[in-house]
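Here's the structure, in structure tokens; my notes come after.
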Amino acid sequence: MCGIAGIDWLALQISSKWECVCEIQDLGYLNDQSLKILKFAGLTVTVVGLLLFLLSPLIGEPISGNLAWFIEPIAYIGAVVFMLGSLVVIVSFQVIERRTKVVSGGRTWSQVTQDYFDTFAHDMGRPLRRILGKQREARAVLNETGEVSQHMVTELLDEIENQAPNFRLMIENVRVLVDLEDINAAPAVEPVDPAALVRNVSDRYTPIARERGLELVWWCEPSEFGLIYGDGSALDHMITNLVDNAAKFASGHVEIRLTKTASTFIVTVWDDGAGLVESHVPHIFDRGWTPELSARAEKQSSGLGLFIASSLAERCGGQLLVESQLSNDSSSGEHFTTFTLSLPLDNRTVAK
Amino acid sequence: MRSVLRRLETDGFKPIVVTPEGPHITGDDYEAQTLFAMETERPAAILLDVRFGEYDLDRFKGLSILKKIIDKDGSMPVLMFTQYSQGPYRDTAVNASLSVSGSVDFIDKLASPEEVVLRLRRLIGNAPETIKIGSLFELDADNAAVYVIENGRRELIREIQGMKLEILNELASAMYRSEGELVPFSRLERFSDGEDSRASLRVRIRELKVSLGRAVARDFGPNELIINVRNRGYRLVSPPDQQ
Chain A
1 MCGIAGIDWL
11 ALQISSKWEC
21 VCEIQDLGYL
31 NDQSLKILKF
41 AGLTVTVVGL
51 LLFLLSPLIG
61 EPISGNLAWF
71 IEPIAYIGAV
81 VFMLGSLVVI
91 VSFQVIERRT
101 KVVSGGRTWS
111 QVTQDYFDTF
121 AHDMGRPLRR
131 ILGKQREARA
141 VLNETGEVSQ
151 HMVTELLDEI
161 ENQAPNFRLM
171 IENVRVLVDL
181 EDINAAPAVE
191 PVDPAALVRN
201 VSDRYTPIAR
211 ERGLELVWWC
221 EPSEFGLIYG
231 DGSALDHMIT
241 NLVDNAAKFA
251 SGHVEIRLTK
261 TASTFIVTVW
271 DDGAGLVESH
281 VPHIFDRGWT
291 PELSARAEKQ
301 SSGLGLFIAS
311 SLAERCGGQL
321 LVESQLSNDS
331 SSGEHFTTFT
341 LSLPLDNRTV
351 AK
Chain B
1 MRSVLRRLET
11 DGFKPIVVTP
21 EGPHITGDDY
31 EAQTLFAMET
41 ERPAAILLDV
51 RFGEYDLDRF
61 KGLSILKKII
71 DKDGSMPVLM
81 FTQYSQGPYR
91 DTAVNASLSV
101 SGSVDFIDKL
111 ASPEEVVLRL
121 RRLIGNAPET
131 IKIGSLFELD
141 ADNAAVYVIE
151 NGRRELIREI
161 QGMKLEILNE
171 LASAMYRSEG
181 ELVPFSRLER
191 FSDGEDSRAS
201 LRVRIRELKV
211 SLGRAVARDF
221 GPNELIINVR
231 NRGYRLVSPP
241 DQQ
């Protein structure tokens, strides 16, 4: 990329094929009205330039009577004015287009922003209400009796501790959603130790699982798993969302298994929850979908975690699949849900 | 941060906090004092923030301190606290840490004290010479011995030797690395013999539980101490103090 001195908002990207692509870097200091004025000024200058160029044989002073009209000095001036005007028009059009650009899913940026506010409001509201509920209860008892029982204090502290991972995940989910809006973004490629990532996620969720009476275990085969080339941040986020989901629905056990084939590595997250109704399976990765939606009940979560995990998996050249069994569909009475995330062992070629 | 300090102390660490004194403390003050403390205290690992102070210039000061630490001692494990555990700032931090050859890991500031200690343990190295299994047992891998702890005194459990000790060592190391880590059958079956290695392993595990139980006059049930997780593998869990 090469910048042009004095034009800080414009950069020329020169690709390997010697194509010049104008990319607007930043025109945030111009409001919409200024952009419209800029656009019309640019159009006017362009038209003036074109007129000068075309009328140069009539209005210019010929250098020599024998020379053709197109080398009149005024023709050159006209051409330069025309090019400058065109450049201004292109830049202002691009900026206006970017500001009103329709992003993935046919939504405008303002709709996307609104979505994020809604997500924040929903995801932050629920844990906050739970914490405030306990806090207000304790305060009411304190005002009434002058003291709070140890049990009450412990409950409040546990509630705060339990809600912390929800806040943590929510912040990350919104960040990743913003990233996902950029359909041209490529995943990062770096050497990653997936076993270490699974271990970290397990460490994060073990206390939460214990609090909920769940057993969370993980293992990898082979035990010395080695490195892969992929997006460590995305992988961490995918596994976190899958484990968070499993810990919400499990009855007693959550398992995370890491295995590999010749070209892929596979993260399997299994839980012994009630299982998925067959008609829900096709919607499980839809943005904002939760099982409560089909029952017209209040959503218990934002329904973004699995959508994000699935979208990231695709972006990283892999896929996320789900398999589930309801207890009444099985003769053994066994019920479970398994998410299988497969990703390439070496994502360097995919990222290119 | 105080809860992390308390947890570190509970786990046997002796944390030293570097706190420069005086008005208008900048990242440079932290840097100077950290490097000084490295010389004088000789720590086993360093926990470091990425951001120091309120000055914008010090946003990534922790990374320049990290470089100085690694320049001074390339083998020093450093766990960095950051609010940017993911995202572009995390990438800046990771790229900077990749330019040093030390053992560096990142953890976000919302992590629980338990998580911090587990990460720190792993950074410092593999399983230590001795691993405590709850407050009842202690495994000394270097001396190939398992002890029962009674009133602060260690007493050798002579029955646990050979393959039983190897199995216990494998399970205890996994537990030390990560509480939720299961050791799959495939990794344990190398310590068993006979045609049916799975059955042989089951026998060894039962013997191990009996030996450990006998040492503390207890009978460990199927969901205590060494647990078979859904026929996938075994997991060691710390036994409760009281029966």
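Protein chains in written order, with this note's numbering: chain A, 1 to 352; chain B, 1 to 243. Where is the CB? At the ideal position from N, CA and C, for every residue including glycine.
Note to self: For a quick check, are the C-beta atoms of His237 of chain A and Val176 of chain A less than 8 Å apart?
What the structure shows: With contacts defined as CB atoms closer than 8 Å, His237 of chain A and Val176 of chain A qualify as a contacting pair.
Notebook entry, point to check: At what residue ranges does the region 172-248 of chain A contain a whole run of the beta strand (DSSP E), taking only runs of 3 or more?
Noted result: Entirely contained in the region 172-248 of chain A, the beta strand (DSSP E) runs reaching 3 residues are, in chain order, 190-192, 215-220, 228-230.
Item checked: Contacting residues, own chain, Cβ-Cβ under 6 Å from Cys220 of chain A (five flanking each side not counted) -> Closer than 6 Å at the Cβ level, and outside the excluded window around Cys220 of chain A, lie Ala195, Leu258.
Check: Grouping DSSP H, G and I as helix and E and B as strand, with all else coil, what is Asp241 of chain B?
Finding: Coil, per DSSP.
Next item on the list: List the residues of chain A that Gly180 of chain B touches, going by C-beta distances under 7 Å, in chain order.
Entry: Among the residues of chain A, those whose CB is under 7 Å from the CB of Gly180 of chain B are Ser202, Thr206, Leu216, Val217, Trp218, following chain order.
Checklist line | Nearest candidate by alpha-carbon position, reference Val229 of chain B, set B:Leu171, B:Ser200, B:Glu115, B:Glu41 | finding: Measuring from the Cα of Val229 of chain B, the nearest candidate turns out to be B:Leu171.
Check: Rounded to a whole number of angstroms, what is the C-alpha to C-alpha distance between Leu35 of chain B and Leu304 of chain A?
Finding: Answer to the nearest angstrom: the Cα atoms are 44 Å apart.
Item checked: Any C-beta of chain A under 8 Å from that of Pro77 of chain B -> No, its Cβ sits nowhere closer than 8 Å to a Cβ of chain A.
Margin query: Between which residues of its own chain and Val237 of chain B is the CB-CB distance below 7 Å, once the five residues before and five after are set aside?
Written below: Cβ within range, chain order: Leu225, Ile227.
Checklist line | N- and C-terminal bounds of the beta strand (DSSP E) containing Glu138 of chain B | finding: Unbroken beta strand (DSSP E) run through Glu138 of chain B: 137-140.
Checklist line | Buried versus exposed, by CB contacts within 10 Å (16 or more), Gly125 of chain A | finding: That one is exposed.
Margin query: Rounded to the nearest angstrom, what separates Val201 of chain A and Thr46 of chain A at their Cα positions?
Written below: About 59 Å.
Next item on the list: Just grab the DSSP bridge partners of Leu79 of chain B for me.
Entry: B:Leu47, B:Asp105.
Note to self: Could you give the first and the last residue of the continuous alpha helix (DSSP H) run that contains Glu207 of chain B?
What the structure shows: Run containing Glu207 of chain B: 197-215, per the alpha helix (DSSP H) assignment.
Next item on the list: Taking Ser324 of chain A and Thr340 of chain A to be in contact with their CB atoms under 8 Å, please state how far apart those CB atoms are, rounded to whole angstroms.
Entry: The beta-carbon distance between Ser324 of chain A and Thr340 of chain A, rounded to whole angstroms, is 12 Å. This is too long to meet the 8 Å contact definition.
Next item on the list: Alpha carbon to alpha carbon, how far is Thr40 of chain B from Leu8 of chain B? Give it in angstroms, no decimals.
Entry: Approximately 20 Å between the Cα atoms of the pair.
Notebook entry, point to check: Is the beta carbon of Ile228 of chain A less than 8 Å from the beta carbon of Phe167 of chain A?
Noted result: No. Outside cutoff.
Check: Near Val148 of chain B, what residues of its chain come up, given a Cβ to Cβ distance below 7 Å and the 5 sequence neighbours on each side ignored?
Finding: Result list for Val148 of chain B: Leu136, Phe137, Glu155, Ile157, Ala215, Val216, in chain order.
Notebook entry, point to check: Which residues share a DSSP beta bridge with Lys260 of chain A?
Noted result: By DSSP's assignment, Lys260 of chain A forms a beta bridge with A:Phe265.
Notebook entry, point to check: Using 8 Å as the limit for Cβ to Cβ distance, is Gly233 of chain B near chain A?
Noted result: Yes, its Cβ sits closer than 8 Å to a Cβ of chain A.
Note to self: Please state whether the Cβ-Cβ distance between Lys245 of chain B and Glu31 of chain B is less than 8 Å.
What the structure shows: Chain B is shown only over 1 to 243; residue 245 of chain B falls outside these bounds and no answer can be derived.
Check: Of the choices A:Val217, A:Met170, A:Phe225, whose alpha-carbon is the least far from that of Leu110 of chain B?
Finding: Ranking A:Val217, A:Met170, A:Phe225 by CA distance to the CA of Leu110 of chain B puts A:Met170 first.
Next item on the list: With Arg177 of chain B as the anchor, note down where its beta strand (DSSP E) starts and where it stops.
Entry: Arg177 of chain B -> not in any beta strand (DSSP E); alpha helix (DSSP H) instead, spanning 162-177.
Checklist line | Distance between Val178 of chain A and Ile308 of chain A (C-alpha atoms, nearest Å) | finding: Rounded to whole angstroms, Ile308 of chain A to Val178 of chain A spans 11 Å at the Cα level.
Item checked: The beta strand (DSSP E) enclosing Glu236 of chain B, as first and last residue numbers -> In the sequence on display, residue 236 of chain B carries Leu and not Glu. According to the DSSP assignment, Leu236 of chain B belongs to the beta strand (DSSP E) that extends over 233-236.
Check: Taking the C-alpha atoms as reference points, what is the distance between Gln135 of chain A and Ser3 of chain B?
Finding: Taking the straight line joining both Cα atoms gives about 21 Å.
Next item on the list: Determine the direct distance from the alpha carbon of Leu48 of chain B to that of Ser327 of chain A, and round the result to whole angstroms.
Entry: A direct Cα-Cα distance of roughly 49 Å separates Ser327 of chain A from Leu48 of chain B.
Next item on the list: Could you tell me which chain B residues have their CB closer than 7 Å to the CB of Ser223 of chain A, listed as they occur along the chain?
Entry: Simply Arg187.
Check: Would Thr19 of chain B be called buried (16 or more neighbouring beta carbons within 10 Å of its own) or exposed?
Finding: With fewer than 16 neighbouring CB atoms inside 10 Å of its own CB, Thr19 of chain B falls in the exposed class.
Next item on the list: For Met175 of chain B, count neighbouring Cβ atoms within 10 angstroms of its own Cβ and tell me buried if that reaches 16, exposed if not.
Entry: When all chains shown are included, Met175 of chain B counts as buried.
Next item on the list: Quick one: residues in its chain with C-beta nearer than 6 Å to the C-beta of Asp29 of chain B, no 5 flanking neighbours on either side, listed in chain order?
Entry: Shown here for Asp29 of chain B: same chain residues with a beta carbon closer than 6 Å to its own, the five before and five after excluded, namely Pro20 in chain order.
Note to self: Using beta carbons (cut-off 8 Å, strictly below), is Arg212 of chain A in contact with chain B?
What the structure shows: Judged by the 8 Å Cβ criterion, Arg212 of chain A is not in contact with chain B.
Check: Exposed or buried, Phe40 of chain A, counting other C-beta atoms within 10 Å across all chains shown (16 or more means buried)?
Finding: Phe40 of chain A comes out exposed.
Next item on the list: Answer with buried or exposed for Ser192 of chain B, where buried requires no fewer than 16 other C-beta atoms within 10 angstroms of its C-beta.
Entry: With a 10 Å radius around the Cβ and a threshold of 16 neighbouring Cβ atoms, Ser192 of chain B comes out buried.
Notebook entry, point to check: What three-state label does DSSP hand Pro291 of chain A in the structure shown?
Noted result: In the structure shown, Pro291 of chain A sits in a helix (DSSP, three-state: H, G or I).
Check: What three-state label does DSSP hand Leu343 of chain A in the structure shown?
Finding: Three-state result, Leu343 of chain A: strand.
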